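These notes concern the structure reproduced below.
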Amino acid sequence: MRRPFRWRTARRAAGAAALVLGCAAGLLALGPSGPLAPRAADPGAVPLPQSSADQLQSAQSAVRDRPQDPYAWEQLGMADLDQARLALDAGRLADADRAFRRSLALKPQANYGALTGTGMLANARHEFAAARDAGLRATEIAPDRAAGYLVLADAEIQLGDYPAATAATQRLLDLAPTVPGYTRAAYDLETHGRAEEARIALERALDSASTPGDTAFCEHRLGDLAWDHGQLDEADGHYQRALAHTPDDYYAQAGHARVLAANGSVPEAVADYQKLVSRAPLPQFLLELAELELARQQDAAAAGQLSALAAEVRLLTAGDGNVPADPALMLYEADHGDPAVAVRLLRREWNRRRSVLVADALGWALHRAGQDDEALDLLHQAAATGWHNPLFAYHRGAVEAALGRPQAADDLREALALNPHFSPYHAPLARQLLAGLPAGQAPGSRTTP
116 MRRPFRWRTA RRAAGAAALV LGCAAGLLAL GPSGPLAPRA ADPGAVPLPQ
166 SSADQLQSAQ SAVRDRPQDP YAWEQLGMAD LDQARLALDA GRLADADRAF
216 RRSLALKPQA NYGALTGTGM LANARHEFAA ARDAGLRATE IAPDRAAGYL
266 VLADAEIQLG DYPAATAATQ RLLDLAPTVP GYTRAAYDLE THGRAEEARI
316 ALERALDSAS TPGDTAFCEH RLGDLAWDHG QLDEADGHYQ RALAHTPDDY
366 YAQAGHARVL AANGSVPEAV ADYQKLVSRA PLPQFLLELA ELELARQQDA
416 AAAGQLSALA AEVRLLTAGD GNVPADPALM LYEADHGDPA VAVRLLRREW
466 NRRRSVLVAD ALGWALHRAG QDDEALDLLH QAAATGWHNP LFAYHRGAVE
516 AALGRPQAAD DLREALALNP HFSPYHAPLA RQLLAGLPAG QAPGSRTTP
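So the mapping is simple: the working numbering equals the position in the sequence shown, first residue as 1, plus 115.
Structure representation (structure tokens):
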């Protein structure tokens, strides 16, 4: 039986009307992750202004004035992390690393702020086991401070330990019912198939937001939630409001382009995607644009994005094995590159972390490589938390159809019922598969689970 939304602090905060990631994955996608409470409790800590740019400038000035102050270096690291998140600038992560290392060198023991910062940095780099270790150490040092639980919640959900992630998120909310806590509660709830309660949590986060960046993040996450359930107008309203607060919110820009395409304004969507990938060439955005072009038979126009994605895969395969495999990049490789390469890289990623996102991507890559029995096992693991994800449902349905399983029709219908526009490339394939099923599984018929 489905449980009602019952985060304890949510009950206490019910009188107040009330993020990554996606997601996804790490600080750059998981959303607000700066200090959860005023840091004046740290001796010598420098209060920072709300603006991210001002925060960075203030922190840089502080370390020039007090180069032996570990708290000044810690806050510089936090400011660099925030800049990395907002600008999707991975180069800032190295700056943050240097700042946290300097803080820890100046104060090796009980340096809670630098330790939690190190954990946030590890999450941003997809080094989730290291992030969990940092979060556990931080919560041991200060069990009644919130930031350690933020690190822990992000790490555990990416590692696939969902009960531990829920427990860390609950403790985070108990200590700090603010934007970071509510957005992580929303992701936890969404992952467990509780979309309406996730929406409530995000609305509470939005009501708690006090900066344009936090407001934009909450709005674009509300947009993503509405999109996954086929509510195009509602989704676009959230994306537009996110962009009104933060015009450079790349995820909101992608969301708006997605809705344009779904509503038939494909040339406008392509133009928006082209602007986006010129500034933020993330695998997710490149793949969405490429598949939109392929869906309208513009293979030559898609070639540039597919070439860029292929180059990223080559870099990954040439590396030392320590670079994480982005699930979106691996879905590109499975569908438009070499499925065997995607399987190899995703098996390596699966050994690092057992998240539902990796399970789904590995399952799909196995299917594309012709290994349908193992693929279906992985796709069932991806579905185990109950997430109502149209792409997950499509992947299951396609593999079940390949295996002649009667559940194929139900899962394909689920994908299309959740959002008939979930992908301009794959949604038409889902319809074709459904129409081609045996008569007993045709659209509108009932099948046994």
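Beta carbons: idealized from backbone N, C-alpha and C, even for Gly.
Just so you know, these numbers come straight off a predicted model, no measurement behind them.
Is it the case that the Cβ atoms of Ala513 and Ala497 are separated by a distance below 7 Å?
The count along the sequence shown starts at 1 and reaches residue 513 at position 398. The count along the sequence shown starts at 1 and reaches residue 497 at position 382. Ala513 is not a Cβ neighbour of Ala497, given a cutoff of 7 Å.
The region 382–395 / the region 424–441 touching (three or more Cβ pairs under 8 Å):
A contact is defined here as three or more CB-CB pairs under 8 Å, and the region 382–395 fails this definition with respect to the region 424–441.
In whole angstroms, what is the alpha-carbon distance linking Asp289 and Asp259?
Looking up residue 289 in the sequence shown gives position 174. Looking up residue 259 in the sequence shown gives position 144. Distance between the alpha carbons of Asp289 and Asp259: 10 Å.
Using a 10 Å radius around the Cβ and a threshold of 16 neighbouring Cβ atoms, would you call Gln547 buried or exposed?
In the sequence shown, residue 547 corresponds to position 432, counting from 1. Burial check for Gln547: the Cβ neighbour count within 10 Å stays below 16, so the residue is exposed.
Quick one: what's got a C-beta closer than 6 Å to Ala449's C-beta in the same chain, skipping five residues either side?
Here residue 449 refers to the residue found at position 334 of the sequence shown. Once the five neighbours on either side are set aside, the close Cβ partners of Ala449 are Ala457, Trp479, Ala480 and Arg483.
Under the assumption that Gly263 contacts Ala253 (Cβ atoms under 8 Å), give the Cβ distance between them as a whole number of angstroms.
Here residue 263 is taken as the residue at index 148 of the sequence shown, counted from 1. Here residue 253 is taken as the residue at index 138 of the sequence shown, counted from 1. Rounded to the nearest angstrom, the Cβ distance from Gly263 to Ala253 is 3 Å, consistent with a contact under 8 Å.
Considering only the beta carbon of each residue, do Ala440 and Glu464 sit closer than 7 Å?
Here residue 440 corresponds to residue number 325 of the sequence shown, with the count starting at 1. Here residue 464 corresponds to residue number 349 of the sequence shown, with the count starting at 1. Yes, they are a contact pair.
Contained beta strand (DSSP E) runs [length at least 3] in the region 303–366, N- to C-terminal order:
No beta strand (DSSP E) of 3 residues or more sits fully in the region 303–366.
Leaving out five residues on either side along the sequence, give the residues of the same chain with a beta carbon under 6 Å from the beta carbon of Ala357.
For the purposes of this step, residue 357 is taken as residue 242 along the sequence shown, with counting starting at 1. Closer than 6 Å at Cβ, skipping near neighbours: Ala331, Glu334, His335, Asp364 and Ala367.
Close Cβ partners of Asp339 (< 6 Å) along its chain, the five nearest in sequence each way excluded
On the sequence shown, residue 339 is found 224 positions in, with the first residue counted as 1. Answer for Asp339: no residue qualifies.
Can you tell me which of the three DSSP states Gln175 falls into?
Here residue 175 refers to the residue found at position 60 when the sequence shown is read from its first residue. DSSP places Gln175 within a helical segment (H, G or I) once states are collapsed to three.
Would you report the Cα separation of Leu347 and Val374, rounded to the nearest angstrom?
In the sequence shown, the residue the question calls residue 347 occupies position 232. In the sequence shown, the residue the question calls residue 374 occupies position 259. Within the model, the alpha-carbon separation for Leu347 versus Val374 is close to 6 Å.
Between Thr298 and Ala320, how many whole angstroms is the CB-CB distance? I'm expecting something under 8 Å.
Within the sequence shown, numbered from 1, the residue matching residue 298 stands at position 183. Within the sequence shown, numbered from 1, the residue matching residue 320 stands at position 205. Yes, Thr298 and Ala320 are in contact; Cβ-Cβ is about 5 Å, under 8 Å.
On the DSSP letters alone, give me the boundaries of the alpha helix (DSSP H) that Pro278 sits inside.
As a first step, residue 278 must be located in the sequence shown, where it is residue number 163. Element bounds for Pro278: Tyr277 to Leu290.
Here's a check: name, in chain order, each residue in its chain whose Cβ is nearer than 6 Å to the Cβ of Pro362, leaving out the five neighbours to either side.
Against the sequence shown, residue 362 aligns to sequence position 247. Cβ neighbours of Pro362 beyond the five flanking positions: none.
Quick one: grab the DSSP three-state call for Leu552.
Numbered from its first residue, the sequence shown carries residue 552 at position 437. Of the three classes helix, strand and coil, the one that applies to Leu552 here is coil, per DSSP.
Hey, Tyr227 and Ala257 are a contact pair by Cβ (cut 8 Å); roughly how many whole angstroms apart?
On the sequence shown, residue 227 is found 112 positions in, with the first residue counted as 1. On the sequence shown, residue 257 is found 142 positions in, with the first residue counted as 1. That pair is a contact at about 5 Å.
Can you find the residues in the same chain that come closer than 7 Å, C-beta to C-beta, to Ala209, ignoring five residues on each side of it along the sequence?
For the purposes of this step, residue 209 is taken as residue 94 along the sequence shown, with counting starting at 1. Excluding residues within five positions, none has a Cβ falling inside 7 Å.
On the CB-based measure, 16 or more other CB atoms within 10 Å of its CB, does Pro182 come out buried or exposed?
In the sequence shown, residue 182 corresponds to position 67, counting from 1. The residue in question, Pro182, is exposed, as its Cβ has fewer than 16 Cβ neighbours within 10 Å.
Within a Cβ cutoff of 7 Å, which residues of the same chain sit near His344, ignoring the five residues on either side of it in sequence?
To locate residue 344, count along the sequence shown from 1; it is residue 229. Correct list, in chain order: Ala310, Leu533 and Asn534.
CB Leu404 to CB Tyr388, shorter than 7 Å?
By 1-based counting over the sequence shown, the position of residue 404 is 289. By 1-based counting over the sequence shown, the position of residue 388 is 273. It is a contact, given that the beta carbons lie within the stated cut-off.
Exposure of Pro278, with buried meaning 16 or more beta-carbon neighbours within 10 Å:
Mapped onto the sequence shown, residue 278 falls at position 163. Exposed, by the Cβ-count rule.
For His307, which residues in the same chain have their Cβ closer than 6 Å to its Cβ, ignoring the five residues on either side in sequence?
For the purposes of this step, residue 307 is identified with residue 192 of the sequence shown, where counting begins at 1. Here the set comprises Thr500 and Gly501.
Backbone CA spacing between Met445 and Val438 [nearest angstrom]
The residue labelled residue 445 in the question sits at position 330 within the sequence shown. The residue labelled residue 438 in the question sits at position 323 within the sequence shown. If you take the alpha carbons of Met445 and Val438, they lie about 13 Å apart.
When the Cα atoms are used, what is the spatial distance from Ala524 to Ala283?
One-based indexing of the sequence shown puts residue 524 at position 409. One-based indexing of the sequence shown puts residue 283 at position 168. C-alpha separation (whole angstroms): 38 Å.
Around the C-beta of Ser218, are 16 or more other C-beta atoms found within 10 angstroms, so that it is buried, or is it exposed?
Here residue 218 is taken as the residue at index 103 of the sequence shown, counted from 1. Buried, because 16 or more other Cβ atoms sit within 10 Å of the Cβ of Ser218.
Give the DSSP-derived three-state secondary structure of Gln183 in the structure shown.
As a first step, residue 183 must be located in the sequence shown, where it is residue number 68. Correct three-state label for Gln183: coil.
In the DSSP assignment, the alpha helix (DSSP H) including Leu94 goes from what residue to what residue?
Because residue 94 is not part of the residues shown, which for the chain are 116 to 564, the question remains open.
With a threshold of 16 other CB atoms inside 10 Å of the CB of Ala415, please say whether the residue is buried or exposed.
What you label residue 415 is simply residue 300 of the sequence shown in a count that begins at 1. Exposed is the call here.
To which residues of the same chain is Arg511 closer than 6 Å at the C-beta, ignoring the five residues directly before and after it?
On the sequence shown, position 396 is the one that residue 511 refers to. Here the set comprises Leu494 and Asp526.
Spatial distance of Ser325 from Ala410 (CA atoms):
Along the sequence shown, read from residue 1 onward, the residue named residue 325 stands at position 210. Along the sequence shown, read from residue 1 onward, the residue named residue 410 stands at position 295. The alpha-carbon of Ser325 is positioned some 41 Å away from that of Ala410.
For Arg286, does the count of other Cβ atoms within 10 angstroms reach 16, so buried, or fall short, so exposed?
In the sequence shown, residue 286 corresponds to position 171, counting from 1. Buried, because 16 or more other Cβ atoms sit within 10 Å of the Cβ of Arg286.
For Leu431, which of Gly419, Leu460 and Gln412 has the nearest alpha-carbon?
Along the sequence shown, read from residue 1 onward, the residue named residue 431 stands at position 316. Out of Gly419, Leu460 and Gln412, Leu460 has the C-alpha closest to the C-alpha of Leu431.
Starting from the C-beta of Asn221, find all residues in its chain whose C-beta is less than 8 Å away, skip the five residues before and the five after it, and write them out in chain order.
On the sequence shown, residue 221 is found 106 positions in, with the first residue counted as 1. Here residue 221 is Leu; the residue named in the question, Asn, does not match the sequence. So the list reads Gln183, Asp184, Pro185 and Trp188, once near-sequence residues are dropped.
Can you grab the Cα-Cα spacing for the pair Arg207 / Ala199, in whole Å?
In the sequence shown, residue 207 corresponds to position 92, counting from 1. In the sequence shown, residue 199 corresponds to position 84, counting from 1. Approximately 5 Å between the Cα atoms of the pair.
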